[in-house]
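Below you'll find the structure, written out as C-alpha cells, and then a few comments.
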Amino acid sequence: MKKSDIIKQIDKHTNYSQKDIKLVIEYFLDAIMEGLIQDERIELRRLGIFLLKKKPSKMVINPRTGVQTLVSEHYLPYFKMGKYIKKELNKNQTNAKKV
C-alpha cells in the first residue's frame, strides 16, 4: 500500500478532500522525521515505536573486489511493532492456516 492508496482510503470514509488528507499525512510524516532527527522515540499506540539504533563502525569487505573498507558509525531507523498489531496480524495468520 502506497501513500496515495492511504489517501484514497481515508477519502472514502471522511468528508475531507484528498488535498487536505495529503497535507495532513505530509505533516505527520515530517513530524516523525523531525522527531527521529532530534533522537526522540516516536510512540504510536496500537501501531508501534519508531526510534534510531546506533550502529558502531566496522570493517567490511567488498565481495567483488575483496577490498576492506571502514564503515563509520551511523544511525539506522528502527520500527518496533506494537503488541496490538502483532496480535491482529497473528490472529489473521491463524485463521488463514485453518482454511
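Each residue of the sequence shown is one higher than the last, beginning at 341 in our numbering. In this text, a Cβ means the ideal position worked out from N, Cα and C, and glycines have one as well. Bear in mind that the values here come from a model prediction, so they are computed numbers and not experimental data.
So, is I382 buried or exposed, given that buried needs 16 or more other C-beta atoms within 10 angstroms?
buried
Cα-Cα separation, K398 to S412:
7 Å
Euclidean distance between Cα positions of V400 and L416:
17 Å
Taking V400 as part of the beta strand (DSSP E), name the residues at either end of that continuous run.
398-401
Residue nearest to I365 in terms of C-alpha spacing, selected from E380, K342, P396, Q433
K342
For V364, which of helix, strand or coil comes out of DSSP?
helix
Could you check the C-alpha separation between Q358 and G375 for me, to the nearest Å?
26 Å
What are the complete beta strand (DSSP E) segments, minimum 3 residues, inside the region 391-430?
398-401, 408-411, 414-421
Alpha-carbon spacing of K427 relative to I377, whole angstroms
30 Å
Measuring alpha carbon to alpha carbon, tell me which residue in H414, K423, K393, I347 is nearest F368.
I347
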